[in-house]
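Novice: Input: one structure, supplied below.
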Amino acid sequence: MNDVVLLGIGLLTGVTTVLFGFGGGFVAVPVLVWANAALGADAIRVATATSALVMLVNAGFATAVTPRRILRALRGSRALLLLLAAGAAAGALATRHAPAGQAHWGFVVYVALTIVDLLLRPGFLRRRGPAEASHGGRTEETRGARTEASRGVPRPLPAVLGAPIGALAAFLGVGGSVMTVPALRRAGHPMRVATALANPLTFAIALPATALSLCATGAGPLAADTHLRLVGLVDLRAAGALLVGALPVIAVLRRRPPRIPDRAYAWVYLALLGAVEAAMLLAG
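Counting in UniProt numbering, the sequence shown runs from 1 upward without gaps.
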């Protein structure tokens, strides 16, 4: 896959980073599996490692340009962030020792289960705020200012979720947004806030995963018979092309975000997961 195609995919990862909290993992992993197909079963290992670097930079930049008033929702979440990072370190180490195909099919199965969960379990496609739940299902428009005030204080994510989310996200190379965005939405945040808050959480996951991937040994033989030049398990050429496409898009969309109705936003998120699932099945 040439750099022009990777640049175009980078543009898409910029869009998904801002609009859906996907720092690159869900979009980048299927593409990188194709790009590194010459590695055979090891392509998924390189893809997850490379996507971790892409997610780290994208999520860090997106967080830096997010309004402070939105990020204040994560006050008091230090334990959650630390456990996300600790879990991610464990997940990245597990990836290096697991059979190569395990991560690929784990990715496919996890996304499929997530799609089913979002379709069947209430709280994602139709968000219910605290006031609505406790007043017989009446909407915020009928409750007025009182309802708005109640819905303005979403529940924090439990810190105990950090370790399993971080471990699974790093193992599969997905960045965690597929878990954190639905959790944040069910905690009471609208989609635009949930997707924005997913970026700092993704950064906490991607940092240790990237560090371990860059320091991985034994990657040289993977690329010996290919055009690839790996640093650890990371394909820096592919990562660079993806980031060149993504970062300008992130800067523009953070300044001028599109206005999307909340429920439509949730359906588009779900449709994107379906597209990624199809791409990974074809890549397999």
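Backbone N, C-alpha and C define an ideal beta-carbon position, used for all residues, glycine too.
Return yes when the Cβ of T13 is within less than 9 angstroms of the Cβ of A37, no when it is not.
Specialist: Position 37 of the sequence shown, counted from the first residue, corresponds to residue 37. Position 13 of the sequence shown, counted from the first residue, corresponds to residue 13. The answer is no: Cβ separation not under 9 angstroms.
Novice: Let me know if V4 comes out buried or exposed under the rule of 16 or more other beta-carbons within 10 Å of its beta-carbon.
Specialist: As a working mapping, residue 4 is identified with position 4 in the sequence shown. V4 comes out exposed.
Novice: Starting from R68, trace the alpha helix (DSSP H) in both directions and tell me its first and last residue.
Specialist: Translated into positions along the sequence shown, residue 68 becomes position 68. First-last of the alpha helix (DSSP H) with R68: R68 to L71.
Novice: Would you give the residue range spanned by the alpha helix (DSSP H) that P164 belongs to?
Specialist: The residue given as residue 164 occupies position 164 in the sequence shown. Taken as a continuous stretch (DSSP letters only), the alpha helix (DSSP H) holding P164 covers G162 to L172.
Novice: Mind checking whether L32 and A238 have CB atoms under 9 angstroms apart?
Specialist: Against the sequence shown, residue 32 aligns to sequence position 32. Against the sequence shown, residue 238 aligns to sequence position 238. Yes, the pair counts as a contact, with Cβ atoms nearer than the cut-off.
Novice: Can you find the residues in the same chain that come closer than 8 angstroms, C-beta to C-beta, to I115, ignoring five residues on each side of it along the sequence?
Specialist: Your numbering for residue 115 matches position 115 in the sequence shown. So the list reads L270, L273, G274 and E277, once near-sequence residues are dropped.
Novice: In three-state DSSP terms, what is V65?
Specialist: Residue mapping note: residue 65 aligns to position 65 of the sequence shown, counting from 1. Reduced to three states, the DSSP call for V65 is coil.
Novice: In this structure, does DSSP put L273 in helix, strand or coil?
Specialist: Translated into the one-based positions of the sequence shown, residue 273 becomes position 273. If DSSP states are grouped into helix, strand and coil, L273 belongs with the helices.
Novice: According to the neighbour-count rule (16 or more other Cβ atoms, all chains shown, within 10 Å of its Cβ), is N58 buried or exposed?
Specialist: Position 58 of the sequence shown, counted from the first residue, corresponds to residue 58. So N58 counts as buried.
Novice: Applying the 10 Å Cβ sphere with the 16-neighbour rule, what's the burial state of H189?
Specialist: The sequence position of residue 189 within the sequence shown is 189, counting from 1. By the neighbour-count rule (16 or more Cβ atoms within 10 Å), H189 is buried.
Novice: In this structure, what does DSSP give as the bridge partners for D235?
Specialist: Here the question's residue 235 lines up with position 235 in the sequence shown. BP columns for D235 point to L230.
Novice: Kindly list the residues whose CB is nearer than 8 angstroms to the CB of V15, restricted to its own chain and excluding five residues on each side of it in sequence; keep chain order.
Specialist: Within the sequence shown, residue 15 is the residue found at index 15, counting from 1. Contacts found: V249 and L253.
Novice: Candidates A196, V160 and F107: which alpha carbon is nearest A170's?
Specialist: Indexing the sequence shown from 1 puts residue 170 at position 170. Nearest C-alpha to A170: F107.
Novice: Start and end of the alpha helix (DSSP H) containing R192?
Specialist: Numbered from 1 along the sequence shown, position 192 holds the residue referred to as residue 192. From DSSP, the alpha helix (DSSP H) with R192 extends over M191 to L214.
Novice: Between A211 and G240, what straight-line distance do the alpha-carbon atoms span, to the nearest angstrom?
Specialist: Here residue 211 refers to the residue found at position 211 of the sequence shown. Here residue 240 refers to the residue found at position 240 of the sequence shown. If you take the alpha carbons of A211 and G240, they lie about 16 angstroms apart.
Novice: Let me make sure I understand the geometry here. Which of M191, L118, L82 and L184 has the alpha-carbon closest to that of L207?
Specialist: Residue numbering aside, residue 207 sits at position 207 when the sequence shown is read from its first letter. Selected option, being the one with the closest Cα: L82.
Novice: Short check: CB of residue 367 to CB of L84, under 9 angstroms?
Specialist: With the chain represented from 1 up to 284, any question about residue 367 goes unanswered, as that position is not in the structure.
Novice: With three or more C-beta pairs closer than 8 angstroms as the rule, is the region 46–56 touching the region 178–192?
Specialist: The region 178–192 vs the region 46–56: no contact.
Novice: Taking the alpha carbon of A62 as the reference point, which residue from F22, A86 and L6 has its own alpha carbon closest?
Specialist: Sequence index remark: in the sequence shown, residue 62 carries index 62 (1-based). Nearest option by C-alpha distance: F22.
Novice: Just to confirm the assignment, what range does the alpha helix (DSSP H) spanning D3 have?
Specialist: Residue mapping note: residue 3 aligns to position 3 of the sequence shown, counting from 1. Per DSSP, D3 belongs to the alpha helix (DSSP H) from D3 to F20.
Novice: Let's see if you can read the secondary structure: which residues bound the alpha helix (DSSP H) around A98?
Specialist: The count along the sequence shown starts at 1 and reaches residue 98 at position 98. Careful: A98 lies outside any alpha helix (DSSP H) and carries neither H nor E.
Novice: Please work out which residues of its chain come closer than 6 angstroms, Cβ to Cβ, to G173, disregarding the five sequence neighbours upstream and downstream, and give them in chain order.
Specialist: Walking along the sequence shown from the start, residue 173 turns up at place 173. Taken in chain order, the residues that qualify are G25, V29, T48 and S51.
Novice: Out of A264, V234, Y265 and W267, which has the shortest C-alpha to C-alpha gap to I44?
Specialist: Against the sequence shown, residue 44 aligns to sequence position 44. For I44, the nearest C-alpha among the options comes from V234.
Novice: Can you find the residues in the same chain that come closer than 6 angstroms, C-beta to C-beta, to A94, ignoring five residues on each side of it along the sequence?
Specialist: Counted from its first residue, the sequence shown places residue 94 at position 94. Only F171 meet the Cβ criterion.
Novice: What did DSSP end up calling S51 once you bin it into helix, strand or coil?
Specialist: Walking along the sequence shown from the start, residue 51 turns up at place 51. It is helical.
Novice: So for S177, helix, strand or coil by DSSP?
Specialist: As a working mapping, residue 177 is identified with position 177 in the sequence shown. Helix.
Novice: According to DSSP, is L118 helix, strand or coil?
Specialist: Locating residue 118 in the sequence shown gives position 118, counting from the first residue. The answer is helix: DSSP assigns L118 an H, G or I state.
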